[in-house]
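Residue numbers (the numbering used here): 395 to 465.
Beneath this line is the structure, given in structure tokens, with notes to follow.
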Amino acid sequence: MSKELQTPLTQEEIDILQTDILTLCKRIKDAYEEGLFDKQWNQEVQTDEQLWNASTAKLIHDALIKQAMEQ
Numbered sequence: 395m396s397k398e399l400q401t402p403l404t405q406e407e408i409d410i411l412q413t414d415i416l417t418l419c420k421r422i423k424d425a426y427e428e429g430l431f432d433k434q435w436n437q438e439v440q441t442d443e444q445l446w447n448a449s450t451a452k453l454i455h456d457a458l459i460k461q462a463m464e465q
């Protein structure tokens, strides 16, 4: 269900997206440094949504670390 953009993004929209992505990366980095990932994995996961959120954040973090190491 891929949908192409009908109009190109404005520079303002691009700036907003970049800021949002950088903010998300910082929050993931902070959570990892505070040991929140370890706590999440060690606790029993109550719902599929919690498992999804935890695994998605971990995957994003791992991808960012891999990318940083390659640069």
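For each residue, glycine too, the CB sits at the ideal point set by N, CA and C.
All values reported here derive from a predicted model rather than from experimental measurement.
Of the other Cβ atoms in all chains shown, fewer than 16 fall within 10 Å of the Cβ of isoleucine 454; this residue is therefore exposed.
Per DSSP, glutamine 412 is one residue of the alpha helix (DSSP H) stretching across 405 to 427. In the structure shown, glutamine 400 falls within a coil segment according to DSSP collapsed to helix, strand and coil. Taking the Cα positions, alanine 457 is about 13 angstroms away from tyrosine 426. Around the beta carbon of isoleucine 422, 16 or more other beta carbons sit within 10 angstroms, so the residue counts as buried.
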